[in-house]
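Peer 1: Structure below; questions to follow.
2 protein chains.
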Amino acid sequence: MKIALAQINTHIGNFEANKSKIISAIKRAEKDGADIIVFPELSICGYPPLDFLEFNDFIKRCLIAIDEIALECKNIAAIVGGPSINPKVEGKNLFNSAFFIYGGEVKRVVHKTLLPNYDVFDEYRYFESNEDFHCIEYKGETIALTICEDLWDIDDDKMYVKWPMDELIKQQPTVMINIAASPFSYAHAENRKRVLHQTANKFNLPIFYVNHVGAQTELVFDGGSLVMNAKGNVVCELAYFEEDFRVFELDWVKTAKSIPFEMSNNFVGEDLYISRIHSALILGIRDYFGKMGFTKAILGLSGGIDSAVVFALAAEALGNENVLGILMPSPYSSEHSIADALQLAKHLNAATSTIPISPAFEAIKHSLSPEFEGLAEDLTEENMQARIRGVLLMAMSNKKGYILLNTSNKSEAAVGYGTLYGDMCGGLSVIGDVYKTQVYALANYINRAKEIIPINSIIKPPSAELRPDQKDSDSLPDYEILDKVLYNYIELKKGPEEIINQGFDKALVNRVLKMVNTNEYKRFQTPPMIRVSTKAFGLGRRMPLVGKYLS
Amino acid sequence: MKIALAQINTHIGNFEANKSKIISAIKRAEKDGADIIVFPELSICGYPPLDFLEFNDFIKRCLIAIDEIALECKNIAAIVGGPSINPKVEGKNLFNSAFFIYGGEVKRVVHKTLLPNYDVFDEYRYFESNEDFHCIEYKGETIALTICEDLWDIDDDKMYVKWPMDELIKQQPTVMINIAASPFSYAHAENRKRVLHQTANKFNLPIFYVNHVGAQTELVFDGGSLVMNAKGNVVCELAYFEEDFRVFELDWVKTAKSIPFEMSNNFVGEDLYISRIHSALILGIRDYFGKMGFTKAILGLSGGIDSAVVFALAAEALGNENVLGILMPSPYSSEHSIADALQLAKHLNAATSTIPISPAFEAIKHSLSPEFEGLAEDLTEENMQARIRGVLLMAMSNKKGYILLNTSNKSEAAVGYGTLYGDMCGGLSVIGDVYKTQVYALANYINRAKEIIPINSIIKPPSAELRPDQKDSDSLPDYEILDKVLYNYIELKKGPEEIINQGFDKALVNRVLKMVNTNEYKRFQTPPMIRVSTKAFGLGRRMPLVGKYLS
Numbered sequence: 248m249k250i251a252l253a254q255i256n257t258h259i260g261n262f263e264a265n266k267s268k269i270i271s272a273i274k275r276a277e278k279d280g281a282d283i284i285v286f287p288e289l290s291i292c293g294y295p296p297l298d299f300l301e302f303n304d305f306i307k308r309c310l311i312a313i314d315e316i317a318l319e320c321k322n323i324a325a326i327v328g329g330p331s332i333n334p335k336v337e338g339k340n341l342f343n344s345a346f347f348i349y350g351g352e353v354k355r356v357v358h359k360t361l362l363p364n365y366d367v368f369d370e371y372r373y374f375e376s377n378e379d380f381h382c383i384e385y386k387g388e389t390i391a392l393t394i395c396e397d398l399w400d401i402d403d404d405k406m407y408v409k410w411p412m413d414e415l416i417k418q419q420p421t422v423m424i425n426i427a428a429s430p431f432s433y434a435h436a437e438n439r440k441r442v443l444h445q446t447a448n449k450f451n452l453p454i455f456y457v458n459h460v461g462a463q464t465e466l467v468f469d470g471g472s473l474v475m476n477a478k479g480n481v482v483c484e485l486a487y488f489e490e491d492f493r494v495f496e497l498d499w500v501k502t503a504k505s506i507p508f509e510m511s512n513n514f515v516g517e518d519l520y521i522s523r524i525h526s527a528l529i530l531g532i533r534d535y536f537g538k539m540g541f542t543k544a545i546l547g548l549s550g551g552i553d554s555a556v557v558f559a560l561a562a563e564a565l566g567n568e569n570v571l572g573i574l575m576p577s578p579y580s581s582e583h584s585i586a587d588a589l590q591l592a593k594h595l596n597a598a599t600s601t602i603p604i605s606p607a608f609e610a611i612k613h614s615l616s617p618e619f620e621g622l623a624e625d626l627t628e629e630n631m632q633a634r635i636r637g638v639l640l641m642a643m644s645n646k647k648g649y650i651l652l653n654t655s656n657k658s659e660a661a662v663g664y665g666t667l668y669g670d671m672c673g674g675l676s677v678i679g680d681v682y683k684t685q686v687y688a689l690a691n692y693i694n695r696a697k698e699i700i701p702i703n704s705i706i707k708p709p710s711a712e713l714r715p716d717q718k719d720s721d722s723l724p725d726y727e728i729l730d731k732v733l734y735n736y737i738e739l740k741k742g743p744e745e746i747i748n749q750g751f752d753k754a755l756v757n758r759v760l761k762m763v764n765t766n767e768y769k770r771f772q773t774p775p776m777i778r779v780s781t782k783a784f785g786l787g788r789r790m791p792l793v794g795k796y797l798s
Numbered sequence: 248m249k250i251a252l253a254q255i256n257t258h259i260g261n262f263e264a265n266k267s268k269i270i271s272a273i274k275r276a277e278k279d280g281a282d283i284i285v286f287p288e289l290s291i292c293g294y295p296p297l298d299f300l301e302f303n304d305f306i307k308r309c310l311i312a313i314d315e316i317a318l319e320c321k322n323i324a325a326i327v328g329g330p331s332i333n334p335k336v337e338g339k340n341l342f343n344s345a346f347f348i349y350g351g352e353v354k355r356v357v358h359k360t361l362l363p364n365y366d367v368f369d370e371y372r373y374f375e376s377n378e379d380f381h382c383i384e385y386k387g388e389t390i391a392l393t394i395c396e397d398l399w400d401i402d403d404d405k406m407y408v409k410w411p412m413d414e415l416i417k418q419q420p421t422v423m424i425n426i427a428a429s430p431f432s433y434a435h436a437e438n439r440k441r442v443l444h445q446t447a448n449k450f451n452l453p454i455f456y457v458n459h460v461g462a463q464t465e466l467v468f469d470g471g472s473l474v475m476n477a478k479g480n481v482v483c484e485l486a487y488f489e490e491d492f493r494v495f496e497l498d499w500v501k502t503a504k505s506i507p508f509e510m511s512n513n514f515v516g517e518d519l520y521i522s523r524i525h526s527a528l529i530l531g532i533r534d535y536f537g538k539m540g541f542t543k544a545i546l547g548l549s550g551g552i553d554s555a556v557v558f559a560l561a562a563e564a565l566g567n568e569n570v571l572g573i574l575m576p577s578p579y580s581s582e583h584s585i586a587d588a589l590q591l592a593k594h595l596n597a598a599t600s601t602i603p604i605s606p607a608f609e610a611i612k613h614s615l616s617p618e619f620e621g622l623a624e625d626l627t628e629e630n631m632q633a634r635i636r637g638v639l640l641m642a643m644s645n646k647k648g649y650i651l652l653n654t655s656n657k658s659e660a661a662v663g664y665g666t667l668y669g670d671m672c673g674g675l676s677v678i679g680d681v682y683k684t685q686v687y688a689l690a691n692y693i694n695r696a697k698e699i700i701p702i703n704s705i706i707k708p709p710s711a712e713l714r715p716d717q718k719d720s721d722s723l724p725d726y727e728i729l730d731k732v733l734y735n736y737i738e739l740k741k742g743p744e745e746i747i748n749q750g751f752d753k754a755l756v757n758r759v760l761k762m763v764n765t766n767e768y769k770r771f772q773t774p775p776m777i778r779v780s781t782k783a784f785g786l787g788r789r790m791p792l793v794g795k796y797l798s
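What follows is the structure, given as structure tokens:
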């Protein structure tokens, strides 16, 4: 039996586009002599459709599209992910399903059993869990068909009480197929291989695993679909961060030799991870613009490393002709800041403009002078400068159709080192899930072949330049230390005692955790951030605003 | 047996404050001769604790506080809500539990079975469902103790597959106790009574129902704890929107006569609902400020009805001495706008200031003139005025410690009729879940005893006053029609066909739905909105930003 894997990039709710893409792949697979073609989880509507699933009209459109696809599957079978209706009165109204289509109609609908409902996942919000386990017989093979999470939960601390493969294995399947929408984080690929390896190995069965590829605002799906032999060794890996299509002869796979793959356990600073983060951010920007129908990006260029990295990423994602950097020097901007920003633009062959903020700053201070009489300048005037920049950038965006990219990094977002409605503006936050120390690594990675980010932007001490001789280190611990404390608290969810016990200064830890928690209100209004870690701000991290914990 | 109900206002994560409040109530109940005192769901940590529950340190603090409370329960029993640890390897790590405390220690821990995971609820994100059903024997009574949602799901379209009371009833309980954190929406009280009535009546058992009271940012808990006799008739209702404490003799309750209560099925425009919305918004403002440690509010006063209503609500919630209205007239502001705003402040005896925006507007236009040369004025300049107001208001906030209240209504938020980083600024959106037609009703309600909102603010045609002779009706359908279409789409989740079939114009419906969906990106960055309806923007409505559905 020949099995085609279609690792496609779908668009949430764009039924026409998704359907066309699926039908094209079916025709290609048929031409290539495939007996069956497999698409990712919920590919009919894109993943994650979120609360669109609560609209009957949306579900109806999914089912109509499935029926239209079925008409194209006369001589080839297809497995397409989509929601289906739970006919029972009890339980949620939907299942997360895989439609097995053959002979011009839907022959079987297999439902997902394990519904992830943690971090960025809300599947139990919409779907009922499957209780009915049957393999699919097709052309002499017995297929154990499962959906994404169904093959996970093999670790010691089990999140679920039953495991679908324990049921399916009773029917003596000859092959496992898993359709997935497994979002990227920088160490996830190894994790995925480990899980699939253990499962294939345990049951002595080959696995065909098809993952979604493409970005849907915050979530990036990295593809990397896999085929493993019955020992659980990888015999083929599809492309990462782009669409791919391959056809395999099942008999060959069953006995094929493995290709080597490396496991890695470090989590920060590794080149491997930085190169992946780089690819994920490029795809994140490109798909956000593509799916929203935008082409041009604008951003504020300070001469610092954050905006430099975002500018370089945007130029690579959208083309240097589609990005515009705006210099908005303040009275406290240093000479080298302007020079560094211009140098960067020159390296990228990208356009810049300079718009002064002093006239607006003076006008606003003057308008407020009756209110502020006798009060010293303070953080207010710093924020004011950041907010005037926000007004100027948004005016350029409104007038000329540029989309503003936010350039705040994860360390800043974590401790609230940023101005709401100022440098926190933007349609998309590019590096909001990238710690400052990782931003340095990204800059060096971008410079791997030649200098793009000016070396001076990398080596100078970070500064917001909103008052004379200001440095980040006036207000914040060194980023080397800060990022480690933040990683322990945010990604690893360690409490203050556990972090202090690792040898960090007690006062520093308490201060950092307090900064994180008291700035929840700022992050509530932050632009969506492209997720690259296991715990990004936004969708996957939900904190009470009025909470009083470590604050 | 004497049962005390403690309807308390807890603060998320504020263990010291919650523990003190619980212990005080225990001492009071003991003095009043109660045998047992009952507190709301998760009262040890406040509801909803969200992802704080993922921190072991947070859970440890919950359990320590429970142990400290237990020491105070030597001669009285207490039922206190809190998270507990699931000892099994399989399943989620926590339960949502009720601790039954007596004799100075925790005697029993009862877990929640039905875990709401829809709208604003994410309980399956954290908790495992209970599988173990036992009543509690205490002083000759057999108590069927359940937690909030456990008593729901009695309607025809069941969301769950099992119902805990079907198990508990086998042990022949003599009384039902339910501890809850059931958030307010304007027609929810009737719904709650209906559900509790059906349950009590079905099992012929009295119910003691204790609800949380107080606001936690978006969510308002309205209290209204209930005691029902075995016929399911209300024999006592605790206060709404404030803390309350009552002690009941169970034998009296079993046979007590009911007090009448009215059912109501209308959803918009009823006085009853408007008065509740009014109370909810007052509590929402007051608790947000109280729990965040703020006292003073600022807002932009346009002379229009939205800002007038918010100003009046804030003055009532925080005291007229703690609110400041800022007039920021533009070149296009009408004379009556200023007069109406000043009249309102006079009625409220609240302070105002006037800060001009023209100097900043001119300075910014001038700074941008090289960029905008040859381009006509458009929406850009309208947004610019709104954003300059944002800068001024935030400067006042930063310099003087006022918290900015957002004054956008739900109709505007729905269709994106507002400027991001301009009039969409604020720490808290007061009427973001109140449709424009309901804002009018609120204004009339606020004026019920005397004119507070100037009549002119109510009767004049709504306008943003950002260009000459602008009216809302230039860009939007009449609010009477718009709000009905929005209600059908947002609250009732009807698709375009279903709405058009009700007799609304097809082009209008498609245009409105498209406006709602294409403005998701604005709402992503909006301040938290106090929830008063069954479907508010924010926590309970999760939509993909890159989605292409009806857009």
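Protein sequences appear in the order of chains P and F.
Residues 248 to 798, numbered by the working numbering, are exactly what the first sequence covers, in order.
Residues 248 to 798, numbered by the working numbering, are exactly what the second sequence covers, in order.
The beta-carbon is built from N, C-alpha and C at its ideal position, and this holds for glycine as well.
Computed from a prediction, not measured in an experiment: that's the story for all the values here.
Does any residue of chain P have a CB that is nearer than 9 Å to the CB of F/LEU626?
Peer 2: Yes, contact with chain P.
Peer 1: In whole angstroms, what is the alpha-carbon distance linking F/MET510 and F/HIS525?
Peer 2: Confidence in F/MET510 is poor, its pLDDT being 45 and thus under 50, which makes the residue's placement too unreliable to answer from.
Peer 1: On the CB-based measure, 16 or more other CB atoms within 10 Å of its CB, does F/ASP379 come out buried or exposed?
Peer 2: F/ASP379 should be labelled exposed.
Peer 1: Quick check: is the beta carbon of F/ASN512 nearer than 9 Å to any beta carbon in chain P?
Peer 2: With a pLDDT of 42 at F/ASN512, under the threshold of 50, the modelled position of this residue cannot be trusted; read the value that follows with caution. Judged by the 9 Å Cβ criterion, F/ASN512 is not in contact with chain P.
Peer 1: Can you name the start and end residues of the alpha helix (DSSP H) that P/VAL732 belongs to?
Peer 2: 726-737 is the span of the alpha helix (DSSP H), which, as asked, contains P/VAL732.
Peer 1: Is the distance from the Cβ of P/ILE269 to the Cβ of P/ILE316 below 9 Å?
Peer 2: Their beta carbons are under 9 Å apart, which means P/ILE269 touches P/ILE316 by this criterion.
Peer 1: Taking the alpha-carbon of P/ALA200 as reference, which of P/ASP553, P/PRO701, P/THR765 and P/VAL474 has the nearest alpha-carbon?
Peer 2: The structure shown does not extend to residue 200 of chain P, since chain P is modelled only from 248 through 798, so no value can be given for it.
Peer 1: Leaving aside the five residues before and after P/SER267 along the sequence, list all residues of the same chain whose C-beta is less than 8 Å from its C-beta, in chain order.
Peer 2: Result list for P/SER267: empty, nothing under 8 Å.
Peer 1: So if DSSP puts P/GLU489 in a beta bridge, which residue, or which two residues, is it bridged to?
Peer 2: None, per the DSSP bridge assignment.
Peer 1: According to the Cβ coordinates, are F/PRO430 and F/GLU396 closer than 9 Å?
Peer 2: Going by C-beta atoms, F/PRO430 is not nearer than 9 Å to F/GLU396.
Peer 1: Using a Cβ cut-off of 9 Å (strictly closer), state whether F/PHE380 contacts chain P.
Peer 2: So, not an interface residue.
Peer 1: State buried or exposed for F/GLY350, treating a residue as buried only when at least 16 other CB atoms are found within 10 Å of its CB.
Peer 2: Exposed.
Peer 1: Alpha carbon to alpha carbon, how far is P/SER676 from P/LEU528?
Peer 2: Approximately 10 Å between the Cα atoms of the pair.
Peer 1: On the DSSP bridge assignment, give the partners of F/PHE455 in chain order.
Peer 2: BP columns for F/PHE455 point to F/ILE424 and F/VAL474.
Peer 1: Can you tell me where the beta strand (DSSP E) with F/ALA251 in it begins and where it stops?
Peer 2: 249-254 is the extent of the beta strand (DSSP E) around F/ALA251.
Peer 1: Of the residues that make up the segment 253-283 of chain F, which ones have a beta carbon closer than 7 Å to any beta carbon in chain P?
Peer 2: Those would be HIS258, ILE259, GLY260 and ASN261, in chain order.
Peer 1: Against F/ILE777, what residues of chain P qualify as contacts under a CB-to-CB distance less than 7 Å, listed in chain order?
Peer 2: Simply none; closest approach about 12 Å.
Peer 1: For F/LYS538 and F/MET475, I'd like the C-alpha separation in whole angstroms.
Peer 2: Cα-Cα distance, rounded: 33 Å.
Peer 1: Can you name the residues of chain F whose CB is closer than 8 Å to the CB of P/PHE374?
Peer 2: The contacting residues do not exist; P/PHE374 stays about 10 Å from chain F at best.
Peer 1: Along the alpha helix (DSSP H) that carries F/ASN343, what are the first and last residues, could you check?
Peer 2: Unbroken run through F/ASN343 is the beta strand (DSSP E), 341-349; no alpha helix (DSSP H).
Peer 1: Quick one: grab the DSSP three-state call for F/TYR365.
Peer 2: It is coil, neither helix nor strand.
Peer 1: Against chain P, with Cβ distances strictly below 9 Å, would F/THR360 count as a contact?
Peer 2: F/THR360 does not count as touching chain P.
Peer 1: Could you tell me whether the Cβ atoms of F/VAL367 and F/ARG770 are closer together than 9 Å?
Peer 2: No.
Peer 1: At 4 residues or longer, and completely inside the segment 698-786 of chain F: list those alpha helix (DSSP H) runs for me, N to C.
Peer 2: Taking only runs of at least 4 residues, the alpha helix (DSSP H) segments lying wholly in the segment 698-786 of chain F are 702-706, 719-722, 726-737, 743-747, 753-765 and 767-771.
Peer 1: Under a Cβ-count criterion, where at least 16 other Cβ atoms within 10 Å of its own Cβ denotes burial, should P/ARG523 be classed as buried or exposed?
Peer 2: So P/ARG523 counts as buried.
Peer 1: Use the C-beta contact count for F/ILE706: other C-beta atoms within 10 angstroms, 16 or more gives buried, fewer gives exposed.
Peer 2: Exposed: under 16 other Cβ atoms inside 10 Å.
Peer 1: Could you name the residues that DSSP lists as bridge partners for F/PRO330?
Peer 2: Answer by DSSP bridge pairing, in chain order: F/ASN343.
Peer 1: Give the DSSP-derived three-state secondary structure of P/LEU792 in the structure shown.
Peer 2: Note: P/LEU792 maps to coil in three-state DSSP.
Peer 1: Give the DSSP-derived three-state secondary structure of F/GLN685 in the structure shown.
Peer 2: In this structure, F/GLN685 counts as helix in the three-state DSSP scheme.
Peer 1: Along the alpha helix (DSSP H) that carries P/TYR535, what are the first and last residues, could you check?
Peer 2: Unbroken alpha helix (DSSP H) run through P/TYR535: 518-539.
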